[in-house]
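A.B. asks: Just dropping this structure here.
Residue numbers (UniProt numbering): 1 to 149.
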């Protein structure tokens, strides 16, 4: 293993939490041979630069708190980043501790207030589409859409 590549990867991981897939993409950009990549990944895990569970938990919390993403969008993005199903479920359990439904409700109320020159049905339709794009569950959205006025 080259120490220069290790230093670059360690700095890359120290800057922010990364998943294995992101590191593999970075190693590809460094032209690290595929057969050597596992040794680098093992070193990063042994030295606590890389931890998939820590990444997944932090990803869930940050995307919910900063971008108000719902379960579906977070789950999709974790899958896109090739995080295992078990870790996705473990990380999504973090949402139970967070104000998930109240965030959806306040987000829908805010969106409803900002929509002008539309009838109530059209406003509710726009709010529903907005919440779906954010990744919230359709039945939960419908429940809170009915309360808008």
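Ideal placement from N, C-alpha and C gives every residue a C-beta, glycine not left out. Since we're looking at a predicted model, the values are computed, not measured.
Going by C-alpha to C-alpha distance, which of 98, 82, 84 and 92 sits closest to residue 74?
C.D. replies: Answer by Cα proximity: 92.
A.B. asks: Nearest CA to the CA of residue 100: which residue from 120, 66 and 84?
C.D. replies: Residue 100 has its Cα closest to that of 66, out of 120, 66 and 84.
A.B. asks: In or out: residue 122 buried (at least 16 other Cβ within 10 Å) or exposed?
C.D. replies: The residue is exposed, with fewer than 16 neighbouring Cβ atoms inside 10 Å.
A.B. asks: Would you grab the beta carbon distance between residue 2 and residue 12 for me? Rounded to a whole angstrom, and I think it's under 8 Å.
C.D. replies: That belief does not hold up - the Cβ atoms of residue 2 and residue 12 are roughly 15 Å apart, past 8 Å.
A.B. asks: Taking only beta-carbon atoms, is residue 78 less than 7 Å away from chain D?
C.D. replies: The structure shown contains no chain D; it holds only a single protein chain.
A.B. asks: What would DSSP say about residue 117, mapped onto helix, strand or coil?
C.D. replies: If DSSP states are grouped into helix, strand and coil, residue 117 belongs with coil.
A.B. asks: Would you check if there are 3 or more beta carbon pairs closer than 8 Å linking the region 115-130 to the region 47-64?
C.D. replies: Segments in contact, no.
A.B. asks: Which two residues bound the contiguous alpha helix (DSSP H) that contains residue 34?
C.D. replies: Here the alpha helix (DSSP H) through residue 34 covers 34-46.
A.B. asks: Roughly how many angstroms separate the alpha carbons of residue 72 and residue 134, rounded to a whole number?
C.D. replies: So the alpha carbons of these two residues sit roughly 8 Å apart.
A.B. asks: Hey, quick one: how far does the alpha helix (DSSP H) through residue 19 stretch, first residue to last?
C.D. replies: That residue, residue 19, is in no alpha helix (DSSP H); it is neither H nor E in DSSP.
A.B. asks: Any idea if residue 128 is buried or exposed, counting beta-carbon neighbours within 10 angstroms, 16 or more meaning buried?
C.D. replies: So residue 128 counts as buried.
A.B. asks: Residues in the same chain with beta-carbon distance under 8 Å from residue 126, minus the five sequence neighbours each way, listed in chain order, please.
C.D. replies: Only 111, 115 and 118 meet the Cβ criterion.
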